[in-house]
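Heads up: the protein sequence lines correspond to chains A and B, in order.
Take the first sequence: its position 416, counted from the start at 1, is 416 in the numbering used here, and no numbers get skipped.
Take the second sequence: its position 330, counted from the start at 1, is 768 in the numbering used here, and no numbers get skipped.
Backbone N, C-alpha and C define an ideal beta-carbon position, used for all residues, glycine too.
All values reported here derive from a predicted model rather than from experimental measurement.
Following: one structure in structure tokens, then a few remarks.
Number of protein chains: 2
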Amino acid sequence: MKRYVIISADCHAGPESPVYREFLDPAYRADFDEELKERERLIAERRAQTSSTNFVGDDEFKEEWFGEDEEGNSLHEIGLRGGWDAVTRDKELDADAVCGEVVFPGPDAVTGTMGAPFGAGFNPVATKSPGHLLAGARAFNRWAAEMCSQSSERRRGLIVAPLLDDLEGVMDEIRRAHGEGLTGGIIIPPRWTGHESYTSHRYDPVWALCEELSLPVHCHSGPAPQEDYGEAPGWITVYGYETIFFTGRPLWFMLLTGVFERFPRLRMAVTEAGSYWVPDMLWRMDMMVSREHGMRKLVGTRDVLRMLPSEYFDRNCAIGSSNTRRRELARRYEIGVGNIMWGNDFPHPEGTWPYTRAFLKDRFWDIPIDETAKILGENQAEFYGFDMGALQPIADRIGPTPAELGQTDESVLAKWEPLQAAGRPWLSECEAVAVAGE
Amino acid sequence: MKRYVIISADCHAGPESPVYREFLDPAYRADFDEELKERERLIAERRAQTSSTNFVGDDEFKEEWFGEDEEGNSLHEIGLRGGWDAVTRDKELDADAVCGEVVFPGPDAVTGTMGAPFGAGFNPVATKSPGHLLAGARAFNRWAAEMCSQSSERRRGLIVAPLLDDLEGVMDEIRRAHGEGLTGGIIIPPRWTGHESYTSHRYDPVWALCEELSLPVHCHSGPAPQEDYGEAPGWITVYGYETIFFTGRPLWFMLLTGVFERFPRLRMAVTEAGSYWVPDMLWRMDMMVSREHGMRKLVGTRDVLRMLPSEYFDRNCAIGSSNTRRRELARRYEIGVGNIMWGNDFPHPEGTWPYTRAFLKDRFWDIPIDETAKILGENQAEFYGFDMGALQPIADRIGPTPAELGQTDESVLAKWEPLQAAGRPWLSECEAVAVAGE
Numbered sequence: 001m002k003r004y005v006i007i008s009a010d011c012h013a014g015p016e017s018p019v020y021r022e023f024l025d026p027a028y029r030a031d032f033d034e035e036l037k038e039r040e041r042l043i044a045e046r047r048a049q050t051s052s053t054n055f056v057g058d059d060e061f062k063e064e065w066f067g068e069d070e071e072g073n074s075l076h077e078i079g080l081r082g083g084w085d086a087v088t089r090d091k092e093l094d095a096d097a098v099c100g101e102v103v104f105p106g107p108d109a110v111t112g113t114m115g116a117p118f119g120a121g122f123n124p125v126a127t128k129s130p131g132h133l134l135a136g137a138r139a140f141n142r143w144a145a146e147m148c149s150q151s152s153e154r155r156r157g158l159i160v161a162p163l164l165d166d167l168e169g170v171m172d173e174i175r176r177a178h179g180e181g182l183t184g185g186i187i188i189p190p191r192w193t194g195h196e197s198y199t200s201h202r203y204d205p206v207w208a209l210c211e212e213l214s215l216p217v218h219c220h221s222g223p224a225p226q227e228d229y230g231e232a233p234g235w236i237t238v239y240g241y242e243t244i245f246f247t248g249r250p251l252w253f254m255l256l257t258g259v260f261e262r263f264p265r266l267r268m269a270v271t272e273a274g275s276y277w278v279p280d281m282l283w284r285m286d287m288m289v290s291r292e293h294g295m296r297k298l299v300g301t302r303d304v305l306r307m308l309p310s311e312y313f314d315r316n317c318a319i320g321s322s323n324t325r326r327r328e329l330a331r332r333y334e335i336g337v338g339n340i341m342w343g344n345d346f347p348h349p350e351g352t353w354p355y356t357r358a359f360l361k362d363r364f365w366d367i368p369i370d371e372t373a374k375i376l377g378e379n380q381a382e383f384y385g386f387d388m389g390a391l392q393p394i395a396d397r398i399g400p401t402p403a404e405l406g407q408t409d410e411s412v413l414a415k416w417e418p419l420q421a422a423g424r425p426w427l428s429e430c431e432a433v434a435v436a437g438e
Numbered sequence: 439m440k441r442y443v444i445i446s447a448d449c450h451a452g453p454e455s456p457v458y459r460e461f462l463d464p465a466y467r468a469d470f471d472e473e474l475k476e477r478e479r480l481i482a483e484r485r486a487q488t489s490s491t492n493f494v495g496d497d498e499f500k501e502e503w504f505g506e507d508e509e510g511n512s513l514h515e516i517g518l519r520g521g522w523d524a525v526t527r528d529k530e531l532d533a534d535a536v537c538g539e540v541v542f543p544g545p546d547a548v549t550g551t552m553g554a555p556f557g558a559g560f561n562p563v564a565t566k567s568p569g570h571l572l573a574g575a576r577a578f579n580r581w582a583a584e585m586c587s588q589s590s591e592r593r594r595g596l597i598v599a600p601l602l603d604d605l606e607g608v609m610d611e612i613r614r615a616h617g618e619g620l621t622g623g624i625i626i627p628p629r630w631t632g633h634e635s636y637t638s639h640r641y642d643p644v645w646a647l648c649e650e651l652s653l654p655v656h657c658h659s660g661p662a663p664q665e666d667y668g669e670a671p672g673w674i675t676v677y678g679y680e681t682i683f684f685t686g687r688p689l690w691f692m693l694l695t696g697v698f699e700r701f702p703r704l705r706m707a708v709t710e711a712g713s714y715w716v717p718d719m720l721w722r723m724d725m726m727v728s729r730e731h732g733m734r735k736l737v738g739t740r741d742v743l744r745m746l747p748s749e750y751f752d753r754n755c756a757i758g759s760s761n762t763r764r765r766e767l768a769r770r771y772e773i774g775v776g777n778i779m780w781g782n783d784f785p786h787p788e789g790t791w792p793y794t795r796a797f798l799k800d801r802f803w804d805i806p807i808d809e810t811a812k813i814l815g816e817n818q819a820e821f822y823g824f825d826m827g828a829l830q831p832i833a834d835r836i837g838p839t840p841a842e843l844g845q846t847d848e849s850v851l852a853k854w855e856p857l858q859a860a861g862r863p864w865l866s867e868c869e870a871v872a873v874a875g876e
């Protein structure tokens with residue numbers, strides 16, 4: 001059997017903090033030195049306390065993540081080294097069965113003290129000033145272009161594009177970074193605090209540029225209105241619950257106000273925020289726009305959208321569905337099999353690395369082979385322009401076969417037939433049978 | 439066959455605007471006179487423009503809602519008159535097959551120029567000052583206690599309780615209004631703008647009082663951060679999409695920070711914000727708290743919750759599932775058949791009045807009779823303390839039989855068996871077959 005070409009739509013890379021200095025515009029280096037000192041101070045303060053990280057997980061997981069193997073390496077150290085060292089990185093991706101990857105910043109989702117300067121991470125927020133943020137973005141983008149030039153057939157790098165303030169400045173940076181080889185797309189801040197939201201036509205020039213350069217727009221998980229959560233015990237679970245919503249928000253702001261009508265070739269992905277919510281989102285949107293009784297007094301999209309929201313979604317959007325759940329796979333005909341892009345979130349502890357082979361077997365054992373191939377790689381290849389021919393030799397070396405994912409029994413597939421036939425039942429007028437997995 | 443006792447968990451009542459004057463504390467009457475003048479001015483301004491309402495729906499629906507019948511009545515006028523006149527109200531509820539009702543303020547969801555003083559509606563927001571808001575709440579509560587004393591076996595009135603500012607003042611008002619006969623529960627503002635959110639223990643005295651008086655806490659649809667939407671065409675659909683989330687928000691803030699652990703007999707309902715999202719909410723919460731791999735680095739609820747979130751939900755919460763959709767009924771074993779409380783939203787145009795009999799047939803034709811009885815009435819009776827014995831004679835007169843809802847074919851029920859057996863599949867470890875309806 002042919003081996004799957006697996007592409008992770010969600011990986012993270014970045015150098016050790018001080019390295020960013022040489023990639024920064026000189027005018028910002030002194031301020032970055034101050035930021036580095038502050039990071040050192042934070043690390044020392046934490047070491048003096050009970051824990052050297054912001055890791056509040058259980059002891060078993062701490063041991064797994066920070067404990068050393070026979071060679072004296074912890075998962076944490078391997079991951080961070082793979083964050084900047086392409087050789088380590090390729091070795092880890094190989095072991096994890098991943099041929100290609102989409103590269104976001106921020107390899108260290110543990111200590112919170114590494115990362116691009118001035119808040120220019122996968123969820124960019126100005127920690128000092130908008131000018132500093134854009135300078136930090138330039139530093140990451142320059143570094144990332146170099147990193148992604150190694151094993152370049154395996155990588156698509158993203159451009160950090162903090163577009164809320166200096167629209168012209170960020171467009172210059174998008175053009176520059178694209179020219180340097182970052183062709184995967186741009187990363188925008190999912191929250192617009194103090195600025196116009198993504199219903200505004202103010203951002204149209206950026207969408208036009210992304211359409212022109214074929215750069216998908218990305219929102220990556222992490223954002224939430226932390227100011228709402230207070231300090232009561234349990235607030236962190238509220239954060240974990242809500243960040244899904246606050247990551248996806250720009251998607252429906254843009255979709256429902258006609259961005260994809262005005263820019264028919266613009267593409268957008270929401271990454272590491274699950275995909276389980278997509279069916280209900282499409283159902284609600286389609287019903288609101290078309291024939292929902294409860295919206296009859298408020299119908300307001302007739303002049304804005306010329307297609308159904310689900311049609312724009314299929315044409316323009318995709319989901320970076322890191323660590324895809326059984327429950328999400330069961331809903332794949334409503335989400336759209338062609339819209340789901342699996343990812344391992346390397347090297348974050350909430351992802352599947354270094355256990356991806358086991359996770360894939362657990363999740364995909366009863367999913368048809370052609371659909372598995374799409375979700376694990378073909379969708380990513382189409383969305384990001386990977387050359388599947390160039391990746392196949394890597395897959396022949398490291399990729400799992402369907403049998404290795406437990407996809408051995410054709411008879412289990414019959415259960416999906418009514419679901420597949422119904423597709424999106426609110427459009428097919430056919431009530432579907434769905435497997436509601438874990 | 440026995441006729442269904444139907445109770446609407448979502449109805450609205452209120453007098454014509456000037457009537458509130460006599461129910462207001464004298465000190466606030468002059469300011470209310472000013473507010474009335476402003477409302478008049480708004481109405482006149484709109485009349486001078488194209489439309490006398492904020493109704494932007496299609497022409498067909500406008501004709502249906504505002505056009506006159508042979509007796510010269512429009513649906514809009516009948517609804518508003520039923521808003522304050524108990525005789526008209528009972529007649530309309532009878533015609534709509536509804537025996538009992540839970541009473542929120544705000545019968546007029548069309549012009550936006552009626553309603554309790556100073557923002558004290560079903561989604562209370564201070565339009566003038568916190569003191570004014572509480573005065574407006576008292577005025578509504580006094581009026582509602584009188585209205586609900588007519589056909590009292592049919593009504594449970596809710597207390598408007600704007601608790602964000604003057605905690606003691608609002609607790610006094612809850613005690614007073616409860617003493618006057620409003621025993622259905624309290625209505626809190628779903629948004630806490632500028633105040634501590636519902637993760638805060640600051641509101642514990644109110645929860646303690648509600649537990650003591652057996653008053654469920656309510657959030658009703660409508661809220662959203664309108665400041666985020668701007669003015670671009672299509673923004674109103676974004677609002678319609680998001681108000682579901684912003685109505686339910688206090689539920690997960692309270693649940694995940696242990697309010698129902700600290701107040702085990704406190705109950706809470708989220709009303710007119712759908713119920714389709716409840717299965718995913720419970721799944722996500724349970725997974726986060728128990729064994730979700732992606733949350734292992736952040737586990738933070740161990741000291742806050744002693745049960746699974748879904749267990750608190752079953753014990754303490756319910757959904758005012760106005761105009762329940764097929765898609766929601768298909769998920770009833772995950773939501774919990776005992777947690778869904780149907781409502782007709784009388785007299786709002788987004789509800790099912792005056793077409794409830796047709797809607798029920800369309801939605802419930804293949805739902806088992808015992809489950810239909812729960813969702814349409816028994817759950818509400820238990821949650822709000824209606825006397826089903828007192829309502830049965832009304833049902834014998836106006837209630838539909840199962841046959842009238844099309845529930846004639848026992849053979850259709852077999853399709854639900856695997857779903858029922860699986861319940862919540864993430865807990866039963868049994869992947870369920872679900873009907874994903876419209």
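Beta-carbon proximity list for residue i, same chain, < 8 angstroms, skipping 5 on both sides
i: S512/B; result: W503, F504, G505, E506
i: L605/B; result: R640, Y641, P643, V644
Assigned exposure category for residue i - 16 Cβ within 10 Å defines buried
i: V727/B; result: buried
i: E173/A; result: buried
i: G622/B; result: buried
i: Q664/B; result: exposed
i: R191/A; result: buried
Proximity test, Cβ basis, 9 angstroms: residue i and chain B
i: I244/A; result: yes
i: G258/A; result: yes
i: R315/A; result: no
i: W192/A; result: yes
i: A330/A; result: yes
i: Y312/A; result: no
i: Y229/A; result: yes
Reduced DSSP category for residue i - H, G, I as helix; E, B as strand; rest coil
i: V451/A; result: The shown model of chain A, from 1 to 438, leaves out residue 451/A, and the question about it has no answer.
i: F542/B; result: strand
i: I367/A; result: coil
i: V278/A; result: helix
i: T685/B; result: helix
i: V457/B; result: helix
For residue j and residue i, believed in contact at Cβ under 8 angstroms, the rounded distance
i: L704/B; j: W645/B; result: 5 angstroms
i: D448/B; j: G758/B; result: 5 angstroms
i: I340/A; j: N379/A; result: 6 angstroms
i: E334/A; j: L282/A; result: 7 angstroms
i: V103/A; j: R156/A; result: 7 angstroms
Min CB distance residue i to chain A below 9 angstroms
i: T675/B; result: yes
i: T637/B; result: yes
i: S490/B; result: Bear in mind that the predicted position of S490/B carries a pLDDT of just 46, short of 50, making it unreliable; the figure below should be weighed with that in mind. Judged by the 9 angstroms Cβ criterion, S490/B is not in contact with chain A.
i: M826/B; result: no
i: P671/B; result: yes
i: F691/B; result: yes
i: M723/B; result: yes
i: L743/B; result: yes
6 angstroms CB neighbourhood of residue i in its chain, flanking five on each side removed
i: D528/B; result: S589
Same chain only: Cβ atoms within 7 angstroms of residue i, ignoring 5 sequence neighbours per side
i: G776/B; result: K812, N817
i: R477/B; result: S455, T551
i: D396/A; result: R3
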